[in-house]
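Residue numbers (full-length UniProt numbering), protein chains in the order written: chain Z, 1 to 217; chain B, 1 to 217. Just so you know, even glycine gets a beta-carbon here, dropped at the ideal spot from N, CA and C. Here the structure is a predicted model, which is why all the values come from computation and not from measurement. I have placed the structure first, in the form of structure tokens, so that the comments after it can refer back to it.
2 protein chains.
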Amino acid sequence: MHTLSEENYLKAIYRLSQEEGVKITPTAIADSLGNNPASVVDMIRKLTDKQLIAYDKKSGVSLTTQGRKDAVLIVRRHRLWEVFLLEKLGYHWDEIHDIAEELEHISDTTLADRLEKFLGFPEYDPHGDPIPQANGKMAKPYSVSLADMQTGTTCQVAAVRDTSSAFLQYLLKLNIGIGTKISLEEKISYDNSLVISINGNDNTTVSQKFGENILVE
Amino acid sequence: MHTLSEENYLKAIYRLSQEEGVKITPTAIADSLGNNPASVVDMIRKLTDKQLIAYDKKSGVSLTTQGRKDAVLIVRRHRLWEVFLLEKLGYHWDEIHDIAEELEHISDTTLADRLEKFLGFPEYDPHGDPIPQANGKMAKPYSVSLADMQTGTTCQVAAVRDTSSAFLQYLLKLNIGIGTKISLEEKISYDNSLVISINGNDNTTVSQKFGENILVE
DNA sequence: AAATAAAATTAGACAAACCTAATTTTATTT
DNA sequence: AAATAAAATTAGGTTTGTCTAATTTTATTT
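Okay, here's the thing in structure tokens:
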């Protein structure tokens with residue numbers, strides 16, 4: 001189908017396109033992939049030639065219908081493999097992202113469908129991200145963060161925005177996982193730190209950045 | 001660990017090293033990978049620098065201890081993934097080889113061990129090849145072919161030497177799989193064709209090449 | 001609006017892994 | 001042993017995907 005690099009660009013562009021009101025510029029793509037903008041310009045030309053993206057200086061990069069379809073398939077494979085690694089092979093949730101980054105590029109046409117069936121058609125991956133179905137549809141992603149909550153309310157962790165192992169290991173240490181109940185006790189107005197109670201236990205203080213990376217319901 | 005290409009060379013050299021009394025020359029490696037001998041010479045230099053192989057004009061290419069270890073790990077991963085694809089995802093045995101060629105390069109250190117445990121420590125892959133264990137040991141490969149049998153004897157299919165889908169689909173059509181009972185009724189001396197009876201059914205004639213690619217016990 | 005800063009682009013280079021064509025070395029015949 | 005064939009090697013080129021440095025374009029300040 002596409003090269004490893006092409007797929008990684010498609011995925012990065014897709015991810016950026018999910019963030020509302022963000023113009024997808026060469027610099028944004030470069031930052032997202034840790035690449036040089038000059039390299040991005042080359043790849044924009046290549047993907048434009050392949051009719052997977054369109055590039056307009058005014059509005060930035062956008063995916064074509066085919067490009068979006070291909071990107072969603074890669075995301076689908078990534079998230080299905082994550083479920084497999086966690087549920088079947090017993091990995092912890094801070095270990096699965098990097099392995100799924102490799103597995104998502106395995107190209108057999110029926111593999112994702114078979115894996116999905118084998119896993120029992122999961123709707124969400126272990127980080128709470130919705131898994132695209134074969135037809136491209138998927139459940140609505142969670143969007144309300146812990147930092148968006150009102151003081152005095154209680155919620156449940158639904159997903160994490162950051163899938164880095166540093167963040168996930170911190171969560172593991174705090175005993176926070178998908179489904180954990182968190183009460184927002186206080187917002188420190190000085191730096192927007194959050195005082196929370198995890199599963200009804202003693203209060204803990206976490207940063208604003210932390211709160212923005214936890215999605216709740 | 002290594003690049004995709006390096007791993008494929010290691011695997012090819014390992015495979016050639018399993019064939020008794022065959023000197024591993026640049027040309028042999030080139031043929032085995034479908035590459036140009038000039039490219040092979042480049043890679044021999046690279047793998048020699050990395051101390052994975054040794055090259056002596058007189059005796060040819062050989063794997064170092066590290067090189068063999070790395071090659072066996074790739075074979076281990078390949079065969080474990082084949083079991084997974086067949087048993088868990090419901091692929092047929094003519095479909096799994098190419099997918100496993102991709103999966104074998106996934107590099108996480110504990111993946112093979114976890115997969116092996118998940119699959120119940122299989123000893124042989126779906127083509128009858130022994131699966132190397134974590135310590136590098138493995139069951140003895142089958143080595144007696146149908147063409148080696150005496151006329152009038154009966155045997156069971158234990159493994160296939162050729163894993164191309166053309167060959168495996170032919171076997172599927174003939175209703176031959178691992179465990180199938182075959183009686184050798186007659187050898188045609190003109191071209192060494194074999195007249196066989198599959199599971200006690202009516203006779204079928206197959207070529208010498210066919211018989212050499214079926215290993216029996 | 002002019003000056004300055006930032007972003008985008010071009011130009012040219014590089015490493016990996018391949019190739020072809022030419023040459024050298026080794027092996028096989030006669 | 002000389003002639004011939006085959007194999008190995010070198011030299012130089014190509015593609016992919018990256019880079020740095022220089023330049024041009026666009027955006028932001030003053």
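List the endpoints of the continuous alpha helix (DSSP H) containing glycine 211/B.
Where glycine 211/B is concerned, the enclosing alpha helix (DSSP H) stretches over 208-212.
For glycine 21/B, which of helix, strand or coil comes out of DSSP?
In the structure shown, glycine 21/B sits in coil (DSSP, three-state: anything other than H, G, I, E or B).
Quick check on asparagine 203/Z: does DSSP put it in helix, strand or coil?
Strand.
Give me whichever residues DSSP pairs with aspartate 49/Z in a beta bridge.
Per DSSP, none; premise fails for aspartate 49/Z.
Which residue or residues does DSSP assign as beta-bridge partners of threonine 154/Z?
For threonine 154/Z, which the question treats as bridged, DSSP gives the partners Ser183/Z.
Which residue from Glu87/B, Asp98/B, Gln133/B, Lys11/B puts its Cα closest to that of arginine 113/B?
According to the sequence provided, residue 113/B is aspartate. The question's arginine does not apply to it. Nearest of Glu87/B, Asp98/B, Gln133/B, Lys11/B to aspartate 113/B, Cα basis: Gln133/B.
What does the alpha-carbon distance come out to for the pair glutamate 185/B and asparagine 201/B?
Cα-Cα distance, rounded: 12 Å.
Between isoleucine 74/Z and chain B, is any beta-carbon pair separated by less than 8 Å?
No, its Cβ sits nowhere closer than 8 Å to a Cβ of chain B.
Can you give, in chain order, each stretch of the alpha helix (DSSP H) that sits fully within the region 75-147 of chain Z and has at least 4 residues?
Runs of the alpha helix (DSSP H) inside the region 75-147 of chain Z: 96-103, 111-118.
Helix, strand or coil for glycine 60/Z per DSSP?
Strand, per DSSP.
If you measure beta-carbon to beta-carbon, which residues of the region 77-97 of chain B are closer than 9 Å to chain Z?
Within the region 77-97 of chain B, the residues whose Cβ lies closer than 9 Å to some Cβ of chain Z are Leu85, Lys88, Leu89, Gly90, Tyr91, Glu95, listed in chain order.
With a 10 Å radius around its C-beta and 16 neighbouring C-beta atoms as the bar for buried, classify asparagine 8/B as buried or exposed.
Classification for asparagine 8/B: buried.
Nearest to alanine 38/Z by CA position, among Ser17/Z, Ser32/Z, Leu47/Z, Thr27/Z, is which residue?
Ranking the options by Cα distance to alanine 38/Z, first place goes to Thr27/Z.
Count the other CB atoms within 10 Å of the CB of alanine 100/Z; is the residue buried (16 or more) or exposed (fewer)?
Buried, by the Cβ-count rule.
May I ask which residues mark the beginning and end of the alpha helix (DSSP H) holding isoleucine 165/B?
The question names isoleucine, but residue 165/B is serine in the sequence shown. From DSSP, the alpha helix (DSSP H) with serine 165/B extends over 165-173.
Which chain Z residues sit within Cβ distance under 7 Å of glutamate 123/B?
Result: empty, since nearest Cβ-Cβ is about 20 Å, beyond 7 Å.
Closest Cβ-Cβ distance between isoleucine 198/Z and chain B: below 8 Å?
No, its Cβ sits nowhere closer than 8 Å to a Cβ of chain B.
Is leucine 172/Z close to chain B? Criterion is C-beta to C-beta, closer than 8 Å.
So no, leucine 172/Z is outside the interface.
Would you give the residue range spanned by the alpha helix (DSSP H) that serine 32/Z belongs to?
First-last of the alpha helix (DSSP H) with serine 32/Z: 26-33.
Anything in the region 99-113 of chain Z with a Cβ closer than 9 Å to a Cβ of chain B? List those residues in chain order, please.
Here the close residues are Ile99, Glu102, Leu103, His105, Ile106, Ser107, Asp108, Thr110, Leu111.
So serine 32/Z packs on leucine 16/Z, CB below 8 Å; how close in whole Å?
Their Cβ separation, rounded to whole angstroms, is 6 Å, which keeps serine 32/Z and leucine 16/Z in contact under 8 Å.
Flag this pair as yes or no: are the beta carbons of isoleucine 131/Z and tyrosine 142/Z separated by less than 8 Å?
Not in contact: isoleucine 131/Z and tyrosine 142/Z (Cβ atoms no closer than 8 Å).
Check for me: the beta strand (DSSP E) holding serine 197/B runs from which residue to which?
Taken as a continuous stretch (DSSP letters only), the beta strand (DSSP E) holding serine 197/B covers 194-198.
If you measure from the beta carbon of leucine 63/B to each beta carbon in chain Z, is any gap under 8 Å?
No, leucine 63/B lies away from the interface with chain Z (no Cβ there is under 8 Å from its Cβ).
Across which residues does DSSP place valine 216/B in a beta bridge pair?
BP columns for valine 216/B point to Val157/B.
Hey, aspartate 94/Z and serine 165/Z are a contact pair by Cβ (cut 8 Å); roughly how many whole angstroms apart?
Contact holds; Cβ gap of about 4 Å.
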